[in-house]
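S.K.: In the numbering used here, the protein residues as written are 445 to 567. Built from N, CA and C at the ideal position, the CB exists for glycine as well. Keep in mind the model is a prediction, meaning the values are calculated, not measured.
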Amino acid sequence: MADKKTVFVAFAIEDERQRDFLKGQSLSPRAPYEFIDMSVKQAYDEAWKDKVRTRIRRSDGVLVLVSANSLTSSGQKWEIQCAKDEGKAIRGIWAYKDDRTTLAGVTTLTWSDANISAFIDSL
Numbered sequence: 445m446a447d448k449k450t451v452f453v454a455f456a457i458e459d460e461r462q463r464d465f466l467k468g469q470s471l472s473p474r475a476p477y478e479f480i481d482m483s484v485k486q487a488y489d490e491a492w493k494d495k496v497r498t499r500i501r502r503s504d505g506v507l508v509l510v511s512a513n514s515l516t517s518s519g520q521k522w523e524i525q526c527a528k529d530e531g532k533a534i535r536g537i538w539a540y541k542d543d544r545t546t547l548a549g550v551t552t553l554t555w556s557d558a559n560i561s562a563f564i565d566s567l
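1. Cβ of Ala456 within 8 Å of Cβ of Ser514?
2. Taking the beta strand (DSSP E) that Thr450 belongs to, which residues open and close that run?
3. Are the beta-carbon atoms belonging to Gln462 and Ala539 less than 8 Å from one another?
4. Kindly indicate which residue of Lys448, Lys495, Thr450 has the alpha-carbon position closest to the one of Trp522.
5. Helix, strand or coil: how does DSSP classify Trp538 here?
6. Taking Cβ positions only, does Thr552 come closer than 8 Å to chain D?
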């Protein structure tokens, strides 16, 4: 069996439920990966940023749940920039089928097992 991949999930706190759905997919026995995130409801202080950077460094890649909420989520924007700074592979997945928000510098695909698996397999 291949080594388990670690994928950091960047999402707007308003999309927490979609994150939960995504994390549920990693419970599949065929999936040699795990999702991690650093969701918080309070202000993003330096200690939080240090912890996020450490987790992103330890991750094989970053999956971004993209929605209209992403446009105003300072925490998610910071996580994406941190992933870019650390040279991590980044893939956006639209969080909702009727929301096609675009984020500069993030290639975003529809939410499907095939698209998510292909990204993880590429890491």
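M.R.: With the structure as the only source:
1. Judged by their CB atoms, Ala456 and Ser514 are nearer to each other than the 8 Å cut-off.
2. 449 to 454 is the span of the beta strand (DSSP E), which, as asked, contains Thr450.
3. A contact, by the Cβ cut-off of 8 Å.
4. Out of Lys448, Lys495, Thr450, Lys495 has the C-alpha closest to the C-alpha of Trp522.
5. Three-state result, Trp538: strand.
6. Within the model displayed, chain D is absent; a lone protein chain is all it includes.
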